[in-house]
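Following: one structure in structure tokens, then a few remarks.
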Amino acid sequence: MAVSNEQRAISIRQPWAYAILHLGKDVENRPMRTHYRGPILIQASLKVEEDEARELKLDPDELSTGAIVGSVKIADCVRGSKSKWANRGQWHWVLKNPRVLARPIPFKGALGFNSCSRQGPKRSAVSHATMTITSFSWGYWGWGNATARLVEALDKAEKSREFRPPLFVDARLRRQGRAKGFVGNAFRDLVGTSRYRWIQDLGNLAIATGSGGVQIKNPAAVADLLDLALHAADERRRVIFYCACEYPALDGALACHRRTIADLLLAHAKKIGRSISIVEWPGDTPTETRISVDKKMFSAIMRGRMSVPFADDRLPTFAALPWASMLTVECDDHGRTGVVAVGPARFSVSNNGTGFWYLPLVESADPDATKEALLRRAVKWREARGLNERRSL
Ligand SMILES: [Zn+2]
């Protein structure tokens with residue numbers, strides 16, 4: 041959620057802070073009226089009402105105290121609410137949109153309802169922690185011989201979106217294959233141990249047995265993955281969990297176990313009340329951009345070439361270009377234009393060791409189609425490959 045400039049917060053004793061965030065407690069009972077409407081942070085105060093906690097079947101020792109634990113919106117203030125949580129004779133502050141903080145922020149001081157903009161936690165810490173955390177799934181297909189370029193692209197994409205370089209989680213059962221840059225410790229050695237984890241438990245056992253399909257070695261390991269994503273978020277990094285396959289799905293059917301990992305991760309996050317979003321790298325929804333090419337390249341693309349080369353200075357934005365974005369190709373010679381659907385930047389390694397950056401087309405150019413028709417088709421293409429965002433809450 042967005043946090044308003046003025047950091048309002050309210051101290052609430054447990055188990056009531058928990059009840060608001062997790063049990064659907066939709067009114068706060070107070071002797072005083074409030075005219076404030078909008079979001080407020082919830083600080084669980086130090087004292088716990090133990091009998092009430094047990095009545096709600098909660099363990100008093102398990103409840104967070106002395107910390108900001110979430111936020112809620114005050115939508116109204118009435119008397120005579122029909123909610124089962126309303127106490128007669130009090131004002132009922134009507135609560136909506138409870139959001140659990142990804143990670144409680146320790147804060148022991150007493151918070152007056154209006155006072156926290158000055159004495160509360162730093163705005164950046166709070167707005168960061170209240171946000172939905174995004175993690176990416178990804179397949180290194182096509183990158184095996186260009187891992188240094190790959191890391192350059194990913195880091196620039198994240199920087200262009202104001203994130204620090206991402207944390208990589210290798211989700212393969214075995215670190216083998218033809219892609220040199222991903223065999224054994226090769227990728228870890230490139231990015232460094234602080235940005236690399238191998239969670240073999242997330243690997244697909246069906247690969248070892250050759251039985252086909254997906255059977256995650258230890259599904260409970262998604263808790264480790266979520267933990268990594270939360271820790272990374274504290275450092276303004278995001279997690280990319282990966283295997284080798286090109287796409288998570290094909291024609292709408294499961295094509296890679298990273299899709300199953302995403303399902304498990306979303307279910308786990310939902311169960312513990314955390315808001316996370318999982319999307320195939322680089323995320324976001326299709327956008328539009330332009331590029332100018334020479335006459336020869338223009339005709340090649342319009343005749344079926346599947347890549348559009350670009351110069352290095354476009355890398356930060358092109359590396360983060362969402363799948364199925366519309367690229368207007370302008371011919372710098374005769375001024376004609378054509379539109380194609382593309383995916384994020386890739387690097388092509390030449391035989392002599394050099395290479396070039398390009399945008400891959402998601403389907404060959406169709407000069408007769410309108411941009412609207414192209415976008416409709418590309419969006420379907422994107423959906424059928426499992427590239428869309430999904431959220432736990
Ligand atoms: Zn896979």
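Going by the numbering used here, the sequence shown opens with residue 41, and the numbers climb by one from there. Glycine included, C-beta positions come from ideal geometry on N, C-alpha and C. The structure presented is a predicted model; accordingly, all values stated were derived computationally and were not measured.
Asked                                                                                                                                    : Found
CA-to-CA distance, methionine 72 to aspartate 324, given in whole angstroms                                                              : 44 angstroms
Proximal residues to glutamate 275 (C-beta, below 7 angstroms), its chain only, five neighbours per side dropped                         : Arg204
Touch test, the region 296–308 against the region 250–266, Cβ-Cβ under 8 angstroms, three pairs minimum                                  : yes
Buried/exposed call for glycine 426, threshold 16 Cβ in 10 Å                                                                             : buried
Rounded separation between proline 90 and histidine 132 - CA only                                                                        : Looking at the sequence itself, residue 90 is glutamate, so the reference to proline does not match. Roughly 23 angstroms separates the two Cα atoms.
Residues with C-beta closer than 5 angstroms to any heavy atom of ligand 2, in chain order                                               : This structure lacks ligand 2; the ligands present are ligand 1.
Per DSSP, the bridge partner or partners of asparagine 258                                                                               : DSSP lists no partner for asparagine 258.
Assigned exposure category for glycine 120 - 16 Cβ within 10 Å defines buried                                                            : exposed
Unbroken stretches of the beta strand (DSSP E), 3 residues or longer, contained in the region 265–338                                    : 279–283, 316–320 and 328–333
Three-way DSSP call (helix, strand, coil) for proline 71 in this model                                                                   : coil
Beta-carbon proximity of leucine 401 to valine 382, cut-off 8 angstroms                                                                  : yes
Three or more C-beta pairs below 8 angstroms linking the region 264–284 and the region 202–218                                           : yes
C-beta atoms of alanine 115 and arginine 314 nearer than 8 angstroms                                                                     : no
CA-to-CA distance, lysine 136 to arginine 345, given in whole angstroms                                                                  : 52 angstroms
Coil, strand or helix - glutamate 403 by DSSP                                                                                            : coil
Beta-carbon proximity check, isoleucine 501 vs isoleucine 80, cutoff 8 angstroms                                                         : No answer is possible for residue 501: the residues shown for the chain start at 41 and end at 433.
Assigned secondary structure, serine 111 (DSSP; H/G/I helix, E/B strand, else coil)                                                      : strand
From Arg94, Glu328 and Phe176, residue whose alpha carbon lies closest to that of leucine 415                                            : Glu328
Whole-angstrom distance between threonine 249 and valine 223, CA atom to CA atom                                                         : 20 angstroms
Proximity test, Cβ basis, 8 angstroms: glycine 395 and chain D                                                                           : In the displayed structure, chain D is absent; only one protein chain is listed.
Sequence ranges, alpha helix (DSSP H) only - wholly within the region 212–256, length at least 4                                         : 226–231 and 245–249
Alpha carbon of valine 191 to alpha carbon of alanine 340, nearest angstrom                                                              : 29 angstroms
Beta-carbon contacts of serine 404 that lie in its chain and below 7 angstroms, excluding the five residues immediately before and after : Gly344 and Met346
Whole-number beta carbon distance between alanine 49 and alanine 197, since they are thought to touch under 8 angstroms                  : Actually they are not in contact, since the Cβ atoms of alanine 197 and alanine 49 sit about 35 angstroms apart, beyond 8 angstroms.
Close Cβ partners of isoleucine 108 (< 6 angstroms) along its chain, the five nearest in sequence each way excluded                      : Leu81, Gln83, Ile145 and Phe147
Outcome for cysteine 283 when other beta-carbon atoms lying within 10 angstroms are tallied against a minimum of 16                      : buried
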